[in-house]
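Numbering (the working numbering), first residue to last: -14 to 656.
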């Protein structure tokens, strides 16, 4: 970011500014003004800038324009230094791409034998007291880290907590036993319009547009002029004729009945008016019918008879053919909808899913609601008890702990037994230990957050227990991914601290012995490697040691795991290898098939004897595949980003070493 937050990033900015000073980079006032103009898109005038600066405060003291410019100068010169460094990473070399591809695609199968460093630590000569004190002073401000080869004697932040878990499924099962048929019916009636409406039926595949009333009126007038009183009926036995034949028959009939008509008038009588193209198209598409002409002598009678017996017209659909092409005199105009009674709604009638189809769904919903209400009631009562205990204890401490008996804390086990909950009272735990325990360690809660687009955010339980400013005896609720609910409170808190030598002496001597035993472990593993190339594992190890040999693989150097090809690759963790690091993977994948090597894991607690059995696929096949993916570098780019990050962090570590920067505690994260 242009203006970083968090202690680590702010200190890093200061490092980069110092490096810029060393190499002669500067930022002028003109450059700062140009940055401000670009940052504000030239939308803030000078007088507005002056007003903004005049309103700035650091505590109660005003911020001067000169101080603000110096802060901006530091930020900009640090950014320019970083940009200069990043210029060299505009692309990854071809050799890197090939190496990245092999890390993703080539797998190895190995046989391993572990040499435990701690097993050799007892053979190391005991150190002197002065050596131990010097060793303690060197690492007393380091926090212990599982993957670090260096020890740490600083005591990390620890807490003790009590928690009660409500099993959501169990409470729902109990709530389900109380649901009656009446409950289900009432829920259905209350929510059917919003929850249980049936989906409307699918519309017909083809529905023809109705003829407008004006079209029909002109049609009637035209037919009255050409052949008054005629009714043409289709016959189900008569095959449908092509459109040209239909036009001929109508034209012929018109000549018979009105021999003195003008040719233009005859044409108008047999066809719709050309003034309405839409009408013409609809008639041609909807009514390609064949007409059966009656005898002239029976026309009037049959027309009257047919008129009386003519059934009510139905809406024209894609394949239906109407009984008559004439509109009856006095008929109401059609608009594509069926005639409706006055006041009838045009919206379809609302229909609902039958109760018997949704009964089980309703029972589950009611069970969930009642279980949640029950848990909320229990947790509210618990919160009141914990708050009351916290107040009583605070008063007892304020009075000097004299005279009155110390207040009794809530009995977690009794509460759990009475309320059908699961209780836990922890030992002293670090944040890493709490997270690994699962359950409440992975739980969370939704809290208001005005800065979020949704107005809420997810807050981890670990933040509420181990974060800065958290206090003991404050009720905390959370939930896990399975829906289980937790009520907890911090019982006690131990901040990070540096112990004295006497307290830490046991850990100091143990760490010292392990570090001193590493050369012995490497020597032992190297000796086994020398025998393996000639004799193999069976002749190089004892029978007891042979039982510890295991075959591992195939595995790749990097993997994207279950997350798929869109996830950033991470270091593989094959089952049977304890905390392998990049150095171990580099040794493994640079060893020839059939050869052996001795290498430490990342924290250097185990030295592995590794024999390379096979690579899959062979390198020649892998090169052919690599040529086929040269056009798609997305996966390789993700590996490259990781490599660039490693180079960047090595550079930052070098700057910290040059300036003798050390952290006495972990930097705080931005809030």
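The C-beta atom is built at its ideal place from N, Cα and C for all residues, glycine as well.
Counting only unbroken stretches of 4 or more residues, the alpha helix (DSSP H) elements lying wholly within the segment 143 to 175 are 153 to 161, in sequence order.
Secondary structure of residue 545 (DSSP, three-state): coil.
Membership of residue 563 in any beta strand (DSSP E) is not indicated, and neither H nor E is assigned to it by DSSP. In this structure, residue 543 sits away from residue 91, with a CB-CB distance that is not shorter than 8 angstroms. Here residue 347 is buried, its C-beta having at least 16 other C-beta atoms within 10 Å.
If you look at residue 462, you'll find it in the beta strand (DSSP E) that goes 461 to 464.
In this structure, the CA atom of residue 399 is about 22 angstroms from the CA atom of residue 157. Bounds of any alpha helix (DSSP H) do not take in residue 597; it lies within the beta strand (DSSP E) bounded by 591 to 601.
By the neighbour-count definition (other C-beta atoms within 10 Å, threshold 16), residue 386 is an exposed residue. Counting the other CB atoms within 10 Å of its CB gives residue 25 a total below 16, which places it among the exposed residues. In this structure the segment 150 to 165 lies against the segment 355 to 365, because at least three pairs of beta carbons, one per stretch, are closer than 8 angstroms. In terms of Cα proximity to residue 623, the closest of 79, 85 and 53 is 85. At least 8 angstroms separates the beta-carbon of residue 437 from that of residue 148.
It is roughly 11 angstroms from the alpha-carbon of residue 518 to the alpha-carbon of residue 597. The residue among 143, 67 and 467 with its C-alpha nearest the C-alpha of residue 153 is 467.
In the three-state reduction of the DSSP assignment, residue 80 falls in the helix class. By the beta-carbon neighbour count (other beta carbons within 10 angstroms, threshold 16), residue 603 is exposed. In the DSSP assignment, residue 374 is bridged to no other residue. Secondary structure at residue 479: strand, using DSSP grouped into helix, strand and coil. Considering only 554, 588 and 361, the residue with the shortest C-alpha distance to residue 568 is 588. An exposed status is given to residue 650, since fewer than 16 other beta-carbon atoms sit within 10 Å of its beta-carbon. Partner residues in the beta bridge of residue 535, as assigned by DSSP, are 97. Listed as beta-bridge partners of residue 584 by DSSP are 593. Pairing residue 97 with residue 594 gives a Cβ-Cβ distance under 8 angstroms. Separation of residue 171 and residue 422 (C-alpha to C-alpha, rounded to the nearest whole angstrom) is 44 angstroms. In summary, residue 471 is buried, with 16 or more beta-carbon neighbours lying within 10 Å of its beta-carbon over all protein chains present. Here residue 29 is not near residue 58, since their CB atoms are 8 angstroms or more apart. For residue 47, the secondary structure class from DSSP, reduced to helix, strand or coil, is strand. Distances from the alpha-carbon of residue 411 to those of 440, 351, 184 and 476 put 476 closest. Contact check between the segment 130 to 148 and the segment 401 to 418: three or more CB pairs, one atom from each, fall below 8 angstroms, which counts as touching.
For residue 121, no pairing in a beta bridge is given by DSSP. In the DSSP assignment, residue 433 forms a beta bridge with 441.
Residue 178 carries a helical assignment under DSSP once its states are collapsed to helix, strand and coil.
For residue 408, the enclosing beta strand (DSSP E) has its first and last residue at 407 to 410.
With 16 or more other CB atoms across the displayed protein chains lying within 10 angstroms of its CB, residue 621 is buried. Taking a C-beta distance under 8 angstroms as the contact criterion, residue 138 and residue 500 do not qualify as a contact pair.
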